[in-house]
Amino acid sequence: MGRWSRAVENLVSAPFNNFYAGKRVLVTGHTGFKGAWLSLWLKELGAVVFGASLLPPTQPNLYELIAEEVFEHDALCDVRDLAAVVKVIESVRPDVIFHLAAQPLVRRSYAEPIETLQTNVLGTANVLEAVRRLGLPCAVLVVTTDKCYENPETGRAQIETDPLGGHDVYSASKACAELVVQSWRKSFFQTDAKLGHVATARAGNVIGGGDYAEDRLVPDCIRALIAKQPITIRSPDALRPWQHVLECCSGYLWLAARLVGEGKDSPISGAFNFGPDEDARRSVGDVVTEIIRHWPGEFHATPPSNGPHEAKLLWLSAAKAKQLLGWQPTWRFTEAVGKTVEWYRQRHDAGREEMADFTREQIADYVAAAQLKQLTWAI
Ligand SMILES: NC(=O)c1ccc[n+]([C@@H]2O[C@H](COP(=O)([O-])OP(=O)(O)OC[C@H]3O[C@@H](n4cnc5c(N)ncnc54)[C@H](O)[C@@H]3O)[C@@H](O)[C@H]2O)c1
Numbered sequence: 038m039g040r041w042s043r044a045v046e047n048l049v050s051a052p053f054n055n056f057y058a059g060k061r062v063l064v065t066g067h068t069g070f071k072g073a074w075l076s077l078w079l080k081e082l083g084a085v086v087f088g089a090s091l092l093p094p095t096q097p098n099l100y101e102l103i104a105e106e107v108f109e110h111d112a113l114c115d116v117r118d119l120a121a122v123v124k125v126i127e128s129v130r131p132d133v134i135f136h137l138a139a140q141p142l143v144r145r146s147y148a149e150p151i152e153t154l155q156t157n158v159l160g161t162a163n164v165l166e167a168v169r170r171l172g173l174p175c176a177v178l179v180v181t182t183d184k185c186y187e188n189p190e191t192g193r194a195q196i197e198t199d200p201l202g203g204h205d206v207y208s209a210s211k212a213c214a215e216l217v218v219q220s221w222r223k224s225f226f227q228t229d230a231k232l233g234h235v236a237t238a239r240a241g242n243v244i245g246g247g248d249y250a251e252d253r254l255v256p257d258c259i260r261a262l263i264a265k266q267p268i269t270i271r272s273p274d275a276l277r278p279w280q281h282v283l284e285c286c287s288g289y290l291w292l293a294a295r296l297v298g299e300g301k302d303s304p305i306s307g308a309f310n311f312g313p314d315e316d317a318r319r320s321v322g323d324v325v326t327e328i329i330r331h332w333p334g335e336f337h338a339t340p341p342s343n344g345p346h347e348a349k350l351l352w353l354s355a356a357k358a359k360q361l362l363g364w365q366p367t368w369r370f371t372e373a374v375g376k377t378v379e380w381y382r383q384r385h386d387a388g389r390e391e392m393a394d395f396t397r398e399q400i401a402d403y404v405a406a407a408q409l410k411q412l413t414w415a416i
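Heads up, the sequence shown is in the working numbering, so the first residue is 38 and it goes up one at a time.
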C-alpha cells in the first residue's frame, strides 16, 4: 500500500483505535442535534448504527438530512417507557449505547418540569435498567451537561468531584441523572461480571450546524439572519464555554471506546467534563459578533427582564479528560463559530439541499485538525 493511500485510509478509519468498525451502536436521541452528528460520525467510523428516540424535536432538523444513509434501523421509542426501552435494546443487542435522549432546554423545563424530570431522570434509569435486566456486557455513555453542578459562580472551573446541583429543573434533572448513573454503577455494573461499564459526559453550550432548537443562541441568530431581521439577545455579558458539537462528540466516542475492556474499578468508568480551552470562554455578545462576521447582520440586546434565572458564569475544567484520556479540544473559538455559520449559510443562504456530504466534510476537517495536533484519539 502506498504512503498516500495509507494516509487516506488512516484519516477514514484510524480514529478511536478503529474501535467502532463493525460495532453495533445504539444512539438514543438520534433524531436530535447532537445525536444526528454523533450517528453520522459513527457511520463514518464503520459502526452499524441504530437509533431510538421520539420524532425530531424541531422542523427542520439534521436527522432528516442524514437518516437514510446512516441508520441500520431506527425505532420510535419513548425512554420513559421501560418495556419499550427493553424491547429496543434487546433487539439491537448493542456493543455500545450513547444515551442522549432528553428534554434539553432550560426554559422548557420551567414550563414542563415533570416531563423534564421523567424524561431525563427516569429515562436514564430505564436505559440502565434495561441493560441490567438483559445482562448485556455493553458500554453505556450517558450524556448530561455542564449545568449539572451546583455552580456557586465563583469563576473557578468546575471539576468532576464538585457538588452536583441545579437552580432550574433542567439542571437538577441532569444532576439527578448523574446520581442515577452513580447508583446503577455501584449497585449493579461494578458488581455484576456480566455487565459492562457506564460513564457520564458533561459538556455544554454546544454549537454546530443543524441545531434548530427554540431559545438557543445560535439557532435564534440564524433564524433572524434568514429572515433578514436584527438579532435580539438577552444577557449579552453572560460568559459560557462555547464548543463545536464535534468536540463533545470526539470526547463521547473516545470515552466509550476506552470503557470497553477496562477492569471493574477503572477510573474511566466515571464522570468526565469535555470543555473547551480558555480561548472559548466568551460572552454571548462575543458569539453574536463572531457570527455576524461570517453572515452579516445586526444585533441588539434586550433590556434585563424578569425572565427565569440563568447562570452568569459557567466554566468547566477538562483536566481529567486530558490526563486519563489524552482528550483535548481541537478547534479554537473562531473556527468553531466559523464552521457553524458556514453550515447554515450553505443550507439556507446558498440553498444547498444535500447536506450529508457537507456535514461529513466538516467531520473530516475536524479529524484532520485533531491529527495535526497529534491528539491521542485521532492518530
Ligand atoms: N445542545 C447543547 O448545547 C447541550 C448542552 C449540554 C448537554 N446537552 C445534552 O445533550 C443531549 C442531546 O441534546 P440535543 O441538543 O441534541 O437535544 P435535541 O433536543 O436536539 O434532541 C433531543 C433528542 O431526545 C429525544 N427525546 C426527547 N424526549 C424523549 C423521550 N421521552 N424518549 C425518547 N427520546 C426523547 C428527541 O426525540 C431528540 O432525538 C441531551 O441529553 C442534552 O441534555 C446538550
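All C-beta atoms in this analysis are idealised placements derived from N, C-alpha and C, irrespective of residue type, glycine included.
Any contact of the region 66-76 with the region 297-309, i.e. 3+ C-beta pairs under 8 Å? no
Top-ranked residue by Cα proximity to Asp316, from Glu372, Ala148, Gly241: Glu372
With distance defined between alpha-carbon atoms, name the residue in Gly247, Phe395, Phe135 nearest to Thr237. Phe135
Boundaries (first-last residue) of the beta strand (DSSP E) holding Phe108: 108-113
Tell me whether Ser90 sits in a helix, a strand or coil according to DSSP, three-state version. strand
Just the C-alpha distance for Arg193 and Thr367, rounded to the nearest angstrom, thanks. 22 Å
Outcome for Leu28 when other beta-carbon atoms lying within 10 angstroms are tallied against a minimum of 16: Outside the displayed span of the chain (38 to 416) sits residue 28, for which this structure offers no information.
Using a threshold of 6 Å, is the CB atom of Gly88 nearer than that to any non-hydrogen atom of ligand 1? no
Quick check on the DSSP output: what are the complete beta strand (DSSP E) runs of length 3 or more inside the region 108-180, in order along the chain? 108-113, 133-136, 176-180
Leaving out five residues before and five after Trp364 in sequence, what residues of the same chain have Cβ atoms less than 6 Å from its Cβ? Gly288, Trp291, Ala358
Close beta carbons around Gln408, own chain, < 7 Å, minus the five adjacent residues each side: Ala415, Ile416
Considering Cα atoms alone, identify which of Phe309, Trp332, Ala293, Gln383 is closest to Val62. Ala293
Check for me: the alpha helix (DSSP H) holding Ser76 runs from which residue to which? 70-81
Rounded to whole angstroms, how far is the Cβ of Cys285 from the Cβ of Phe311, which I believe are closer than 8 Å? 5 Å
Cross-strand partners of Leu232 (DSSP beta bridge): Note: Leu232 sits in no beta bridge, so no partner.
Neighbour-count burial assignment, Arg330, 16 or more Cβ in a 10 Å radius: exposed
May I ask which residues mark the beginning and end of the alpha helix (DSSP H) holding Ser208? 206-221
Between the alpha carbons of Arg43 and Val86, how many angstroms are there, rounded? Confidence at Arg43 is low in this model, with a pLDDT of 39, below 50, so its placement is unreliable and the value that follows should be read with caution. Whole-angstrom Cα-Cα distance: 26 Å.
Please determine whether the Cβ atom of Thr156 lies at a distance below 6 Å from any heavy atom of ligand 1. yes
With burial defined as no fewer than 16 other Cβ atoms inside 10 Å of the residue's Cβ, what is the status of Asp111: buried or exposed? buried
From Thr396, Glu335, Thr198, Lys231, residue whose alpha carbon lies closest to that of Arg169: Lys231
Return the bridge partner residues of Tyr186 from the DSSP annotation. Leu201
When DSSP labels each residue in this structure, what does Thr191 get in the three-state scheme? coil
Does Pro333 come out as helix, strand or coil in the three-state DSSP assignment? coil
If you measure from the CB of Val177, is any heavy atom of ligand 1 nearer than 6 Å? no
Classification of Ala148 by the beta-carbon crowding that lies within 10 angstroms, buried from 16 upward: exposed
Quick check: the region 255-266 against the region 157-165, are there 3 or more CB pairs under 8 Å? no
Span of the beta strand (DSSP E) around Ser287: Note, Ser287: premise wrong, no beta strand (DSSP E); alpha helix (DSSP H) at 282-296.
Using a 10 Å radius around the Cβ and a threshold of 16 neighbouring Cβ atoms, would you call Gly59 buried or exposed? exposed
Once you ignore the five residues that flank Pro256 on each side, which residues in its own chain have a CB closer than 7 Å to its CB? Asp248, Tyr249, Ala250
Is Thr182 near ligand 1 - that is, is its Cβ less than 6 Å away from at least one heavy atom of it? yes
To which residues does DSSP link Pro278 through a beta bridge? Arg318
Would you kindly check if the distance between the Cβ of Asp183 and the Cβ of Arg145 is under 7 Å? no
Here's a check: name, in chain order, each residue in its chain whose Cβ is nearer than 6 Å to the Cβ of Phe226, leaving out the five neighbours to either side. Leu232, Val235
Alpha-carbon spacing of Pro273 relative to Lys124, whole angstroms: 46 Å
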